[in-house]
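*Asks:* The structure follows.
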Amino acid sequence: MGTFKRTEAQINEMVQKRVIPGASYALIDGPEIHTGQMGVAQVKPTIKPLWADAMYDLASVTKVVGTTTVALQLIQNGLLEMDRPVHDYLPSLQSTTITSRNLMTHTSGLSGYIPNRNALSAEALLAALQQLPISNRNRNHRVVYTDLGLIIMGQVIERIVGEAIQPLITERVLRPLGLWHTSFQPSREKVVPTTYSVQTGLLQGIVHDPKAQVLGEHCGSAGLFASVADLVRFSQLMLGQIDVPTVLTQATIANLYQDWTPNRHLRRSFGWNLWHRPAETAPVIFHTGYTGTLLMLDRQRQQGFVFLSNRVHPVANNQTFLPARRQLIAAWLADTVTN
């Protein structure tokens, strides 16, 4: 296996500078896998060490592991058409023009704020989301990353299949892949905590995202908890190292490594973000999560990076994390080139 000295040095620096309490990670290089941990699981109210199969709140990485994968299943089975108006599947949606392609590439033009959204019921929040206005200036022409598209995509999937999105993800993705340390309802003691305050205590085993707390099993944008080992197995599927066609065919997966936006030059795939290396034809697909998670996959080089941290612990207002994460991504990309 090649060395990933820059990557591991950056993780260590993030821990030493207290950007994050700790991290669990895996570096995939062809058939070889290197896993590691640095730091601790929590620092408040007491310090607790990390453990081997620790589960983390994935936040928006849920979008690609879960909702995107189920949507792709429906496409490959002929049950969902990318360029058909979403309104055809979800008549309660105000817009009659946006498509599944728009939702999954963040080119829908959906915008707006819902007052008191965290105090609404799941039903009321979903109804309000479906009535948000569309910016025709942005639709098809601009990527504006938002949770809204994947939440509504979850509703589309529910209407097609007739089951809530989170149980569907468990049934159609997690169980067929044998991801036994990935769950929407994990045991508290198996999970690295997120936020802490004297008033509310330690948030552990409960999703950090407020919209996901409200929507429960109907949330397609966040809610999964997973271990590094499980995300390695998912990564192996997406790299073509294992074949589980009941989850996704290799043809479907291979098609993800390209631009899926309406005009084909906005650098988003279906659910995934794209990183284009200079002078290379195939991009890296990746996704981040607010809680401090990251998944990067290079099918051409057969390399992957799973990074799980709880950067919102003890508090979510962590201004040092984003620049440190950019440096971490740059370090991994540099390591993959030199290996």
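Residue numbers for the sequence shown, in UniProt numbering: 1 to 339. All residues carry an ideal CB built from backbone N, CA and C; glycine is no exception. None of the values given here were measured: they were computed from a predicted structure.
1. Can you say whether Ser111 is buried or exposed, counting buried as having 16 or more other CB atoms within 10 angstroms of its CB?
2. Can you tell me whether His287 is buried or exposed? The criterion is at least 16 other CB atoms within 10 Å of its CB, across all chains shown.
3. Rounded to a whole number of angstroms, what is the C-alpha to C-alpha distance between Ala127 and Asp29?
4. Consult DSSP for residue 377 and reduce its assignment to one of helix, strand or coil.
5. Classify Lys17 as helix, strand or coil using the three-state DSSP reduction.
6. What separation, rounded to the nearest whole angstrom, lies between the Cα atoms of residue 340 and Arg267?
7. Under three-state DSSP, which class holds Lys44?
8. Evaluate contact between the region 274 to 282 and the region 321 to 328, counting only Cβ atoms and requiring at least three cross-stretch pairs below 8 Å.
9. Check whether the Cβ atoms of Asp209 and Ala222 lie closer than 7 Å to each other.
10. For residue 349, name the three-state secondary structure that DSSP assigns.
11. Assign Tyr113 to one of two classes, buried (16 or more other C-beta atoms within 10 Å of its C-beta) or exposed (fewer than that).
12. Does DSSP put Gly109 in a helix, a strand or coil?
13. In the DSSP assignment, find the beta strand (DSSP E) that holds Leu27 and state where it starts and stops.
14. Mind checking who His181 pairs with in its DSSP beta bridge?
15. Ile165 by DSSP, collapsed to three states: which one?
16. Whole angstroms is fine: what's the gap from Ser60's alpha carbon to Lys211's?
17. What's the call for Thr21, buried or exposed, on a 16-neighbour Cβ count within 10 Å?
18. Hey, quick one: how far does the beta strand (DSSP E) through Phe307 stretch, first residue to last?
19. Can the beta-carbon of Thr182 be found less than 7 Å from the beta-carbon of Thr291?
20. Please report the Cβ distance between Gln76 and Thr246, rounded to the nearest whole angstrom; I am assuming they are in contact, meaning their Cβ atoms lie under 8 Å.
21. Ignoring anything shorter than 3 residues, give me the beta strand (DSSP E) runs that lie fully in the region 239 to 304, in order along the chain.
22. Looking at Leu150 and Gly220, is the spacing between their C-beta atoms short of 7 Å?
23. Since Phe225 is in the beta strand (DSSP E), which residue starts that stretch and which ends it?
24. Does Thr336 come out as helix, strand or coil in the three-state DSSP assignment?
25. Give a yes or no on contact between the region 158 to 169 and the region 28 to 44, applying the rule of three or more CB pairs nearer than 8 Å.
26. In three-state terms, what does DSSP make of Val143?
27. Along the alpha helix (DSSP H) that carries Ala127, what are the first and last residues, could you check?
*Replies:* Considering the structure as presented:
1. By the Cβ neighbour-count rule, Ser111 is exposed, with fewer than 16 other Cβ atoms within 10 Å of its own.
2. Looking at its Cβ environment, which holds 16 or more other Cβ atoms inside 10 Å, His287 is buried.
3. Between the alpha carbons of Ala127 and Asp29 lies a gap of roughly 45 Å.
4. In the structure displayed, the chain extends from 1 to 339; residue 377 sits before or after that span and is not available.
5. Three-state DSSP puts Lys17 in coil, outside helix and strand.
6. Look at the range of the chain in this structure, 1 to 339, and you will see that residue 340 is not part of it.
7. In the structure shown, Lys44 falls within a coil segment according to DSSP collapsed to helix, strand and coil.
8. In short, these stretches do not touch, since the Cβ pair count stays below three.
9. For Asp209 and Ala222, yes; Cβs fall inside 7 Å.
10. The chain is shown from 1 up to 339; residue 349 falls before or after that span and cannot be answered.
11. By the 16-neighbour rule on beta-carbons within 10 angstroms, Tyr113 is exposed.
12. If DSSP states are grouped into helix, strand and coil, Gly109 belongs with coil.
13. Start and end: Gly22 to Asp29.
14. Per DSSP, none; premise fails for His181.
15. Look at Ile165 here: in three-state DSSP terms it is helix.
16. Between the C-alpha atoms of Ser60 and Lys211 there is a straight-line separation of about 12 Å.
17. In the sequence as displayed, the identity of residue 21 is Pro instead of Thr. Pro21 sits buried, since 16 or more C-beta atoms from the chains shown fall within 10 Å of its C-beta.
18. From DSSP, the beta strand (DSSP E) with Phe307 extends over Gln303 to Ser309.
19. Result no, Cβ atoms of Thr182 and Thr291 do not sit closer than 7 Å.
20. Not confirmed; about 11 Å, so no contact.
21. Listed in chain order, the complete beta strand (DSSP E) runs (minimum 3 residues) inside the region 239 to 304 are 273 to 275, 284 to 289 and 293 to 298.
22. In contact: Gly220 and Leu150 (Cβ atoms closer than 7 Å).
23. For Phe225, the uninterrupted beta strand (DSSP E) run begins and ends at Phe225 to Ser227, by DSSP.
24. Here Thr336 sits in helix by DSSP.
25. No, the region 158 to 169 is not in contact with the region 28 to 44.
26. In the structure shown, Val143 sits in coil (DSSP, three-state: anything other than H, G, I, E or B).
27. Annotation: the continuous alpha helix (DSSP H) that includes Ala127 extends over Ala122 to Leu129.
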